[in-house]
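According to full-length UniProt numbering, the sequence shown holds residues 345 to 610 in order.
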Amino acid sequence: FRVTLTPIRRRDKGVVGSIAVLHDVTESEKLEQTRREFVANVSHELRTPLTTIKSYAEALDDGAMEEPPLAERFVGVIRSETERMIRLVTDLLHLSRFDSRQAQLRRQTTDLAEMTEDVVDRFSLQLRQKAITVRVQVEPGLQKAWIDRDGIDQVLDNLMSNAIKYTLDGGSIVLSAKLTGAGQLSISVKDTGIGIPKKDIAHIFDRFYRVDKARSRSMGGTGLGLSIAREIVRAHGGTIGIESEPNAGTTVTVTLPMAQEGGEQP
Ligand code: ADP
345 FRVTLTPIRR RDKGVVGSIA VLHDVTESEK LEQTRREFVA NVSHELRTPL TTIKSYAEAL
405 DDGAMEEPPL AERFVGVIRS ETERMIRLVT DLLHLSRFDS RQAQLRRQTT DLAEMTEDVV
465 DRFSLQLRQK AITVRVQVEP GLQKAWIDRD GIDQVLDNLM SNAIKYTLDG GSIVLSAKLT
525 GAGQLSISVK DTGIGIPKKD IAHIFDRFYR VDKARSRSMG GTGLGLSIAR EIVRAHGGTI
585 GIESEPNAGT TVTVTLPMAQ EGGEQP
């Protein structure tokens with residue numbers, strides 16, 4: 345609480361009492377705390393690759409340049425750390441677009457079978473490299489939806505990329521789309537990966553939250569994929585949920601209201 349005290353004065357008697365007003369600042373304190381943590385996280389996440397780039401550039405300067413095989417490796421590290429920073433900044437821009445509510449959904453009639461097949465196609469190389477098999481299941485009769493195709497593509501890309509990152513070689517993924525009993529569109533990505541411990545599930549959509557920081561980083565993760573997915577789904581008026589069993593697999597389900605073609609969702 346923040347307390348404001350105002351003295352009550354009488355002309356002849358001076359101060360005769362006071363008025364105390366208690367302001368409940370829990371919410372704004374919490375917001376401020378979240379903002380501080382976010383800035384600290386962003387700074388840390390950007391600082392790490394920058395420090396690496398600096399030290400490898402110095403090593404090249406100090407003579408590594410004369411040894412071509414070594415120089416090649418160092419330049420490779422510099423490039424991959426730069427790519428990490430670009431990914432991070434791109435993710436941050438996506439988040440801020442949705443934070444400031446600037447994100448106008450650009451809905452279009454979307455063929456769901458085509459959309460799900462396209463997601464798999466975009467990952468075909470990575471899937472092949474890890475020998476992961478994918479099955480796409482679109483409920484018969486479910487054809488079109490009025491959604492922001494680019495936004496939902498990004499959600500599915502984030503979920504698919506996680507499913508691949510956190511599934512061991514030879515595993516499998518099922519991408520499915522169906523209508524729920526309540527007439528909502530439900531899209532889920534199910535993997536046979538490492539799963540998420542129970543205690544972490546509640547935090548998994550928090551910005552920069554990772555179960556295993558080192559693992560996520562080595563897989564090229566920014567820790568923002570799920571929070572971006574949640575913002576996009578919320579902008580559609582939908583929800584996103586996760587079910588997971590350690591060492592068995594994870595299913596992430598996105599549920600979207602079926603909007604009227606030509607209409608806008610809140
Ligand atoms: P990251 O870039 O680290 O993957 P995300 O926001 O996409 O960030 O996910 C947050 C964390 O949730 C990941 O670091 C990982 O620990 C966990 N996670 C997300 N998806 C999966 C999955 N399909 N299987 C296991 N763990 C997952």
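Even glycine gets a Cβ: it sits at the ideal position worked out from N, Cα and C.
Taken through DSSP and simplified to helix, strand or coil, V555 comes out as coil. Residue side-chain check: I538 places its Cβ nearer than 7 angstroms to a non-hydrogen atom of ligand 1.
Spatial neighbours of D550 in its own chain (CB-CB distance under 8 angstroms, excluding positions within 5 residues in sequence) are listed in chain order as S571. P351 sits in a strand when the DSSP states are folded into three classes.
With contacts defined as CB atoms closer than 8 angstroms, S530 and T597 qualify as a contacting pair. In this structure, F442 is the residue among I538, L519, K534, F442 with its C-alpha nearest to the C-alpha of G495. Looking from the CA of I540, the closest CA among R574, E587, G527, L404 belongs to E587.
Of the heavy atoms belonging to ligand 1, none sits nearer than 7 angstroms to the Cβ of N385. L471 is classed as buried because its beta carbon has at least 16 other beta carbons within 10 Å across all chains shown. Counting only runs of 3 or more residues that sit fully inside the segment 389–447, no beta strand (DSSP E) segment turns up. Here the alpha carbon of G514 sits roughly 13 angstroms from the alpha carbon of G593. In the structure shown, R346 adopts extended strand secondary structure according to DSSP, grouped into three states. V464 is the residue among Q448, A415, K398, V464 whose C-alpha sits nearest the C-alpha of I476.
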